[in-house]
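The opening position of the sequence shown corresponds to residue 20 in the working numbering, with each subsequent residue numbered one higher. See structure below.
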Amino acid sequence: MSLLSRMNRKARISLVAAVAGGVALTGLTVAPSFASTTAPPAVTQSADEVSTQAAPVTRAEMLRRAKVWLTANNGAQVPYSQTSVWKDGYRQDCSGYVSMTLGLWKSGPNTVELAGNRDLTTPIKLANLKPGDLLIDADGSNTTRHVVIFEGWTDGSKSAYTAFEQRGGHGTDHRTLKYGLDAGSEYKPYRPVNLSD
């Protein structure tokens, strides 16, 4: 076992301070060296670190943001793409769209993370859906997974609802849906954590 590993933390700190002091007394300059002339990489935050920093957004503000993409493309809806990013920095797919409405990091988490990350959403009961809540199908592949923004029930029977979505082959849409209402549906209801009443 080396001398350094046998020393306690306080002793190691004192040793480092003494060595640094000795270097200072001798007038030596110690500077980091880089193998190349390029700057070291910038420190960036991971999605997990950023996701917890999303500012609260009201349900009304979230739905207002959802409406923006209906006409953001010179009066037309934002086109759908899993690889392109819209002018506001968000991916042009369903989860990027939801991320924009919630003010999450750019370009946004994917559908699986929206459903599974408890810093982003919490599972709720279908009967508890409120405007701005989400219905998410996180199963399958990138061609079958989907998320929609619940706006409200069409009537007291709760057999259909209006929703906002970013869907393939169309783009941003506002329409009546039944996703998640049938028994055994892969669509599950979630409440965004940063959504406030």
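Just so you know, even glycine gets a beta-carbon here, dropped at the ideal spot from N, CA and C. Predicted model only: the values in this text are computed from it and were never measured.
Option nearest residue i by Cα separation, candidates the options
| i | options | result |
| --- | --- | --- |
| residue 97 | 134, 186 and 73 | 186 |
| residue 213 | 149, 147, 162 and 138 | 138 |
| residue 208 | 194, 176 and 151 | 151 |
| residue 201 | 100, 90, 177 and 82 | 177 |
| residue 153 | 75, 163, 73 and 82 | 82 |
| residue 171 | 160, 196 and 158 | 196 |
| residue 76 | 117, 107 and 108 | 117 |
| residue 169 | 106, 108 and 120 | 120 |
Burial state of residue i (16 or more Cβ within 10 Å)
| i | result |
| --- | --- |
| residue 84 | buried |
| residue 198 | buried |
| residue 167 | buried |
| residue 95 | exposed |
| residue 215 | exposed |
| residue 203 | exposed |
| residue 128 | buried |
| residue 175 | exposed |
| residue 108 | exposed |
| residue 115 | buried |
Cβ separation of residue i and residue j, assumed to be a contact under 8 Å, to the nearest whole Å
| i | j | result |
| --- | --- | --- |
| residue 113 | residue 189 | Going by Cβ atoms, the distance from residue 113 to residue 189 rounds to 11 Å, so no, they are not a contact pair. |
| residue 218 | residue 134 | The structure shown does not extend to residue 218, since the chain is modelled only from 20 to 216, so the question has no answer here. |
| residue 89 | residue 191 | 5 Å |
| residue 156 | residue 205 | 4 Å |
| residue 73 | residue 122 | 6 Å |
Residue range of the unbroken alpha helix (DSSP H) whose run includes residue i
| i | result |
| --- | --- |
| residue 132 | 130 to 135 |
| residue 78 | 78 to 90 |
| residue 116 | 113 to 121 |
Contacts around residue i, its chain only, beta-carbon distance under 8 Å, and the 5 residues preceding and following it disregarded
| i | result |
| --- | --- |
| residue 194 | 181, 182 and 184 |
| residue 86 | 183 and 193 |
| residue 144 | 208 |
| residue 92 | 98 and 190 |
Same chain, Cβ closer than 7 Å to residue i, five either side skipped, listed in chain order
| i | result |
| --- | --- |
| residue 149 | 78 |
| residue 161 | 101 |
| residue 210 | 140, 141, 143 and 152 |
Continuous beta strand (DSSP E) stretch holding residue i: start and end
| i | result |
| --- | --- |
| residue 186 | 180 to 186 |
| residue 105 | From DSSP, residue 105 is part of no beta strand (DSSP E); its letter is neither H nor E. |
| residue 172 | 165 to 172 |
| residue 209 | 207 to 211 |
| residue 153 | 153 to 156 |
| residue 193 | 190 to 196 |
| residue 140 | 140 to 142 |
Contacts around residue i, its chain only, beta-carbon distance under 6 Å, and the 5 residues preceding and following it disregarded
| i | result |
| --- | --- |
| residue 104 | 110 and 126 |
| residue 136 | none |
| residue 131 | 157 |
Interface flag, residue i vs chain D, CB-CB below 9 Å
| i | result |
| --- | --- |
| residue 187 | Judged by its chain identifiers, the structure shown contains no chain D, having just a single protein chain. |
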